[in-house]
Structure formats: structure tokens, C-alpha cells
Amino acid sequence: MPDAKTIRLGDIAYARSGDKGAGANVGVIARSPAWYETLRRHLTAEVVEAFFKPMSVGRVVRYELANLGALNFVLPKILDRGGSVSLRIDAQGKALGQALLELRLEIPR
Amino acid sequence: MVLRIANAQAFWGDDSSAAARLAAQVPDLDWLTLDYLAEVSMSIMAKQRERDPQLGYAKDFLEVVRSLAPVWRSGRRLRIVTNAGGLNPLGCAQACVEMLAREKVHGLKIGVVSGDDVLSLLRRDPGSFRHLEDGTSLDSVAAELVSANAYLGACPVVKAIADGADIVIIGRVADPSLTVAPCIAHFGWTATDYNKIAGATVAGHLIECGTQVTGGISTDWLDLPDPAHIGFPVAEIHSDGSCVITKPAGTGGRVSEQTVKEQLLYEIGDPAAYLSPDAIVSFLTLSAIDEGGDRVRVHGATGRPPTEQYKVSATYRAGFRATGTLTIFGRDAVAKARRCGGIVLKRLEEAGMKPQHSLVECVGANAVAPVGPRVEESTIRETVLRISVADARREVVEQFSRSMIPLIASGPQGTTGYAEGRPVVREVYDYWPTLIPRSAVTPRVQILQTP
């Protein structure tokens, strides 16, 4: 986009992640009500799925919590075979929130 | 009147001095909740019970009971609800009675809630149980089952409280129900007051992970005041189910709109249908209002009737695993570390012991989450090489454990950090979630009395 700027997700949102069986969820919460609209428009399930693709994530589902200015992303299968048997150092998906906050979003100026 | 419920334990291994500290910090505290059970905790307890039938519960809880003895001796009524009972709630309760007698605490009633153990039902008819996520039949792992417990709801806990229990010890119960039960008992709600129960469920969800709602693991953790003295959370719950989340004055950490919203979103799926055995809760009607002074008001939760099933958390033996680490320092550290990983796995394969699962990670080199902006590997001059293997055969994992340490002499210059010695071989227990009809489960309540 010619009239676009790049922002780091962590500058406009905060996050929390944790495990759900062999999957995980990442909650992303806007730092202000105005940023929620930006998140809702640009931080789509497709964008998040593409971001986590190197970790073999399944089909990402996004839920909107407009009342809290938040989005919840459910990331199936991202923990390999699940928190209790996964060999990964982050077997519980605790780091996925920090990872996602480094995503760069291209938004109109 | 407000009911004050604090969480003093988020998991088995959490700070066991928090309960006594909370009691001192919050003089008008009504209830403490203590959570000891993660998904696979029951498998650890099953192992302990195999060695000694008296065990099979969270023994750490007895230390908490001991630490509160002066509070009870002073005549103050501070009550506890906990899932420390694990696989043996009665054994846990009996040990508590003994502890209280030794500490000269008299006249307390201990409520014991059991009936969550459904292992025999799953073993009897494994074909009728399906894995909650992938739909597979329990048949494939039935022979290896170690534990199976239904997540009970608040109902039997309310009964124990109504029977006068000062300490309620449960096996498996849904985490938020630890908070919901005292609310139902105190406010006289009925089991169909779904909006109120939803509110208390949200309060329970917010405090069940202890310091995670008072700034622990928050995005802006580095700005957290006085993290060494982080306070445990207190929920001040009102008769309509709304609450204020706060923490004791003078403690570190923070309760803000941000910390509360982060914890609201912790480990949830569809926010319109947070499933608990007491209600299906919608988070979409909630408001979280920062009142300042480490107080956040949370209200507006809505609930509807729960499902006809209980969730069951089963565990089964799933082979063995080990993880070993070595630190590699120097030029091309990551390339050297990867080469070391390759050597270990190659030798296992040549010995006819190729593990079913193996993973080589270079910590510091995009290992934790290999997404987003990466660190350029060639610029890294130190990495922790982490090799993990898993296999159904113990001897394969033992062979791995023996084959990593020789790298100290045969690996690259700058191989260090081996003080831990050989990797420890551990039994693996996997988690197998399923559903069971409520009608198949009969919660039981009994009361023990201290002398």
C-alpha cells in the first residue's frame, strides 16, 4: 500500500497465550478503543494463521470480544501432540503471545 | 454483603506461604481457594498412591493448613475450598484432621467431596468414550489408563458448606466452581440463577491462576511495581454475581484493566460459550472497569444452563522421554550445536534405537517460537542445545541419556554447561479428555470433625 504504515502489534495491543489440548489460544487486547477497530479490520484469522504457519498450526479461528476491545485466536494443533507430551521447549504455548506481538501490520495512514 | 474470596495457590508447586500471608493482609477475608490440579497432576498422584495407598493427594496442602493454625486458634472464621484431595480426598481430609489436632485447632469441620473418580467406568466400557478433540475411541489407550476424573460442579461443595464445613476438600472439580460454591452457599442462589453463577464463574476464572491476574505474566511485566512481593488476588463478590478484583494493600504487582482482560482471555475458546459444569457463560456481555487503586469491577456476565455431560480428564501411560541440555559457546555456535544434535541422533539410529520422537532445539536461535522477526544465526555466539527424545521403549530413552554427555570431550570447543549430568528418563503421562453423562456420576459429601 502506498499510503500505508507499518506498526508492531505490541505497540497497539497486549496479549496472553496458553494451551488448550494440542492447540493453544492467544488473546489480543487493544491498548485503546480506537486500536480495537484497527485490530478487527487488519488482524484477521488469515493473517495470524500465516504468521504461525512455520509452527504447523491448523485452521485458525478468530472470536471478537468488542465489549473488551479484544480478539481471541484459537490455534489448533500448534503444540505438536499437546502440552503433556510435546517435546518442544514451549510445550504449553506460553510464549505464543509474545511471539504474535512482534507481528508487523500494514495499515493505512 | 460482599463475599471476599482469595486464591492462594494457582498450581501444585506455587508459593505455599501465600495463604497465611493473605490471612494477615486481608482481615475480613471469608474464603481461600487453593488449586493443585493441572491436566496431568492426577497421574503423578496415581503413582504416589501406587507406592502408598495413604497418599494420592497434594501433601503440600498440609503445610498450608499448619500455617493457618494460629488464625483458627484465634477464633477467626476463615474457610477453605480446595481440590488438594486429588485421587484421595478422604486421605487428605484425615491427614488434615491429624494436623489440626497436633496444632491444637479444635472444632473445625472438614467436608470431603468425592465421586469424581470415574476410572472404573472408563475401563469397563472404553468403546463408549470419545476423545474430546479428535473423536478417537478410548479403546486404543484403555489398557494404559492411569486416572480418570470428572470435573464436578459447585453443587456437592455447596452441600458440604451447608453441612458446616470450614475446609472443603475435593478431588477433581472445575476450577471456577471453587469460587462459585461459596457464593451459592452465602447468597442463597439457586442452581438456576445462571447470570449470577456466570458472574461468580468469571470471578473464579480470574483468580484461579493466582498472581496471573495481579500482573504475573502480563505483557508489560517489566513495568510491574515490586514484583518480589506480588500480591495474590482477592475477588469481592456481590449478591448479583458481579465482582471487584483486587489485591491486598501494600503488596507488589498490579490489578488493572489490562491485567484483568489478559486473564479473562487466558485459555479460553469461544467467548460466547465458556463451558463450566455450573453454567455456560458468555464473556461477550462483560464489562471490566478500572476503578483505580488496584481495583477492577467486572460485571455483566450472562449464563445459561450447563450441558448434560461432565468433562472428564483421563491420563494414560504414554512411554518415556528425556531432555538434555548442553551449552555451546563460540564462533558458529548454532551450526556447532546442530551438528552435535545430529551426532546424538545418528548414534542412536546406528545402535538400532532410533527414537519414535526426537527434537533438537538451539535455544537463543529462534527455538521457542520460530515465527516473526528472526535472530540471524551466524551472529549468535552462544546457544543452549536442547535435545529431547520420546519412545515407548524405556531402553531407547536410556540409551539417549547415555549418549549426550560424551560430547563434552568429542564435541566442539566451547561445549559447557553440563553440570546437570545425564538427562533424567521420565515416564510420560498423556492427557485424554472426554465427556460422561451426568447421570453416570454420583458426587458424595461427608464431614469429618476435628477433636
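One line per chain: the protein sequences are A and B, in this order.
Just so you know, numbering that gives the first Met the number 0 puts 67 at position 68 of the first sequence, and the rest follows in order with no gaps.
Just so you know, numbering that gives the first Met the number 0 puts 236 at position 237 of the second sequence, and the rest follows in order with no gaps.
Glycine residues also receive a C-beta, built at the ideal position from the N, C-alpha and C atoms.
If you measure between the beta carbons of residue i and residue j, is that distance less than 9 Å?
| i | j | result |
| --- | --- | --- |
| I160 (chain B) | A180 (chain B) | yes |
| D429 (chain B) | Y315 (chain B) | yes |
| L67 (chain A) | L264 (chain B) | yes |
| K195 (chain B) | G302 (chain B) | yes |
| I168 (chain B) | P88 (chain B) | yes |
| S312 (chain B) | M0 (chain B) | no |
| A271 (chain B) | G251 (chain B) | no |
| V427 (chain B) | E397 (chain B) | no |
| I166 (chain B) | G110 (chain B) | yes |
| G203 (chain B) | G209 (chain B) | no |
| E132 (chain B) | P432 (chain B) | yes |
| V25 (chain B) | R3 (chain B) | yes |
| G342 (chain B) | G363 (chain B) | Checking the displayed sequence, the identity of residue 342 (chain B) turns out to be Ile instead of Gly. Against a cut-off of 9 Å, the Cβ pair of G363 (chain B) and I342 (chain B) comes out as no contact. |
| V395 (chain B) | P422 (chain B) | no |
| L67 (chain B) | A19 (chain B) | yes |
| G55 (chain B) | L36 (chain B) | no |
| C154 (chain B) | A199 (chain B) | no |
| L205 (chain B) | A234 (chain B) | yes |
| P305 (chain B) | A278 (chain B) | yes |
| V96 (chain B) | T449 (chain B) | yes |
| G84 (chain B) | G170 (chain B) | yes |
| V46 (chain A) | L74 (chain A) | no |
| S241 (chain B) | G187 (chain B) | no |
Which one or two residues does DSSP pair with residue i in a beta bridge?
| i | result |
| --- | --- |
| Q398 (chain B) | The partner list for Q398 (chain B) (beta bridge, DSSP) is empty, contrary to what the question assumes. |
| F328 (chain B) | B:E381 |
| I106 (chain A) | A:K4 |
| S136 (chain B) | B:R129 |
| I169 (chain B) | B:V112 |
| H356 (chain B) | B:A389 |
| A287 (chain B) | B:V297 |
| N119 (chain A) | Residue 119 (chain A) falls outside the range modelled here, since chain A spans only 0 to 108, and no answer is possible. |
| D18 (chain A) | A:A23 |
| L461 (chain B) | Any answer about residue 461 (chain B) is impossible in this case: the structure gives chain B only from 0 up to 450. |
| Y430 (chain B) | B:T314 |
| V243 (chain B) | B:E235 and B:R296 |
| N148 (chain B) | B:D116 and B:S312 |
| G323 (chain B) | B:I386 |
Just to check my reading of the structure: residue i and residue j have Cβ atoms closer than 8 Å, yes? What is that Cβ distance to the nearest angstrom?
| i | j | result |
| --- | --- | --- |
| V145 (chain B) | A45 (chain B) | 5 Å |
| T415 (chain B) | T324 (chain B) | The Cβ separation is near 11 Å, so there is no contact. |
| G22 (chain A) | N71 (chain A) | Going by Cβ atoms, the distance from G22 (chain A) to N71 (chain A) rounds to 12 Å, so no, they are not a contact pair. |
| V295 (chain B) | I288 (chain B) | 7 Å |
| R108 (chain A) | D2 (chain A) | 5 Å |
| V440 (chain B) | Y309 (chain B) | 6 Å |
| A22 (chain B) | V70 (chain B) | 5 Å |
| A29 (chain A) | A69 (chain A) | 7 Å |
Open item on the list: Tell me which residues of the stretch 356–370 of chain B have at least one Cβ-Cβ distance to chain A shorter than 7 Å, keeping chain order.
Closed with: Residues of the stretch 356–370 of chain B whose Cβ lies closer than 7 Å to any Cβ of chain A, in chain order: H356, L358, E360, V362, A366, V367, A368, P369 and V370.
Task: Cβ contact (3+ pairs, closer than 8 Å) linking the stretch 215–225 of chain B and the stretch 61–77 of chain B - done: The stretch 215–225 of chain B vs the stretch 61–77 of chain B: no contact.
Open item on the list: Taking contact to mean 3 or more Cβ pairs, one atom from each stretch, closer than 8 Å, check whether the stretch 104–123 of chain B and the stretch 144–156 of chain B are in contact.
Closed with: Touching, yes, given that three or more Cβ pairs across the two stretches are closer than 8 Å.
TODO: Indicate whether the contact test is met: 3 or more Cβ pairs, each with one atom in the stretch 321–339 of chain B and one in the stretch 7–17 of chain A, closer than 8 Å.
DONE: Segments in contact, no.
TODO: Could you say if the stretch 282–290 of chain B and the stretch 397–411 of chain B meet the contact criterion of at least three C-beta pairs nearer than 8 Å?
DONE: In this structure the stretch 282–290 of chain B does not touch the stretch 397–411 of chain B; the number of beta carbon pairs closer than 8 Å is below three.
Task: At least 3 beta-carbon pairs within less than 8 Å: the stretch 16–23 of chain A vs the stretch 92–108 of chain A - done: By the Cβ criterion, the stretch 16–23 of chain A is in contact with the stretch 92–108 of chain A, since at least three pairs of Cβ atoms, one from each stretch, lie closer than 8 Å.
Task: Stretch pair the stretch 39–58 of chain A + the stretch 13–23 of chain B: three plus CB contacts closer than 8 Å - done: No, because fewer than three Cβ pairs between the stretch 39–58 of chain A and the stretch 13–23 of chain B fall closer than 8 Å, the two stretches do not touch.
Task: Near-chain A residues of the stretch 188–221 of chain B (beta-carbon distance less than 8 Å), N- to C-terminal order - done: Contact residues of the stretch 188–221 of chain B toward chain A are I216, S217, T218 and D219 (C-beta to C-beta distance below 8 Å).
Open item on the list: For the structure I just gave you, are there three or more beta carbon pairs, one from the stretch 251–262 of chain B and one from the stretch 27–37 of chain B, closer than 8 Å?
Closed with: No: the two stretches stay apart, fewer than three of their Cβ pairs being nearer than 8 Å.
Task: the stretch 382–393 of chain B contacting the stretch 343–356 of chain B, beta-carbon criterion three pairs below 8 Å - done: The answer is yes - the stretch 343–356 of chain B touches the stretch 382–393 of chain B, with three or more Cβ pairs under 8 Å.
Task: Positions along the stretch 18–44 of chain A whose CB lies within less than 9 Å of some CB in chain B - done: Closer than 9 Å at the C-beta level to chain B, one finds these residues of the stretch 18–44 of chain A: D18, K19, G20, A21, G22, A23, N24, V25, G26, V27, I28 and R30.
Task: Under 7 Å (Cβ pairs) to chain A, residues found in the stretch 117–142 of chain B - done: Listed by position, the residues of the stretch 117–142 of chain B near chain A (Cβ gap below 7 Å) are E132.
Open item on the list: Quick check: the stretch 79–89 of chain A against the stretch 356–374 of chain B, are at least 3 beta-carbon pairs closer than 8 Å?
Closed with: Yes, they touch.
- [ ] Taking a Cβ distance cut-off of 9 Å, strictly less, list which residues of the stretch 302–323 of chain B are near chain A, in chain order.
- [x] Shown in chain order are the members of the stretch 302–323 of chain B whose Cβ falls below 9 Å from a Cβ of chain A: T314, A317, G318, R320 and T322.
Task: Members of the stretch 44–76 of chain A that neighbour chain B once the beta carbon cut-off is set at 7 Å - done: Under the 7 Å Cβ criterion, the stretch 44–76 of chain A contributes F50, F51, P53, M54, Y62, L64, N66, L67, A69, N71 and V73.
Task: Contact set between the stretch 244–274 of chain B and chain A, restricted to residues whose Cβ is under 8 Å from the partner - done: When CB distances to chain A are screened at a threshold of 8 Å, the residues of the stretch 244–274 of chain B falling below it are Q257, K260, E261, Q262, L263, L264, Y265, E266, I267, G268, D269, P270 and A271, in chain order.
Task: Residues of the stretch 420–449 of chain B with Cβ closer than 8 Å to any Cβ of chain A, in chain order - done: Within the stretch 420–449 of chain B, contact with chain A at the beta-carbon level (separation under 8 Å) is assigned to V427, Y428, D429, Y430 and P432.
Task: Contacting positions in the stretch 87–101 of chain A - beta carbon closer than 8 Å to chain B - done: Cβ contacts with chain B come from R87, I88, D89, K93, A94, L95, G96, Q97, A98, L99, L100 and E101.
Open item on the list: Counting only Cβ-Cβ distances shorter than 8 Å, please list the residues of the stretch 377–403 of chain B near chain A, keeping chain order.
Closed with: Identification of residues in the stretch 377–403 of chain B having a C-beta nearer than 8 Å to some C-beta of chain A yields R385, S387, V388 and A389, given in sequence order.
Open item on the list: So if I threshold CB-CB distances at 8 Å, which residues from the stretch 43–63 of chain B count as touching chain A?
Closed with: For the stretch 43–63 of chain B, which is checked against every Cβ of chain A, not one residue is closer than 8 Å.
Task: Interface residues of the stretch 282–293 of chain B facing chain A [CB-CB below 9 Å] - done: The stretch 282–293 of chain B vs chain A, Cβ under 9 Å: F282, L283, T284, L285, S286 and A287.
Open item on the list: Using a Cβ-Cβ cutoff of 7 Å, what residues of the stretch 25–43 of chain B are near chain A? List them in chain order.
Closed with: Per Cβ criterion, the list reads E38 and V39.
Task: Against chain B: residues of the stretch 3–15 of chain A by CB proximity under 8 Å - done: Those residues of the stretch 3–15 of chain A that come within reach of chain B (Cβ to Cβ, closer than 8 Å) are G9, Y13, A14 and R15.
Open item on the list: Beta carbons nearer than 9 Å to chain A: which residues of the stretch 405–418 of chain B have them?
Closed with: From the stretch 405–418 of chain B, no residue has a Cβ closer than 9 Å to chain A.
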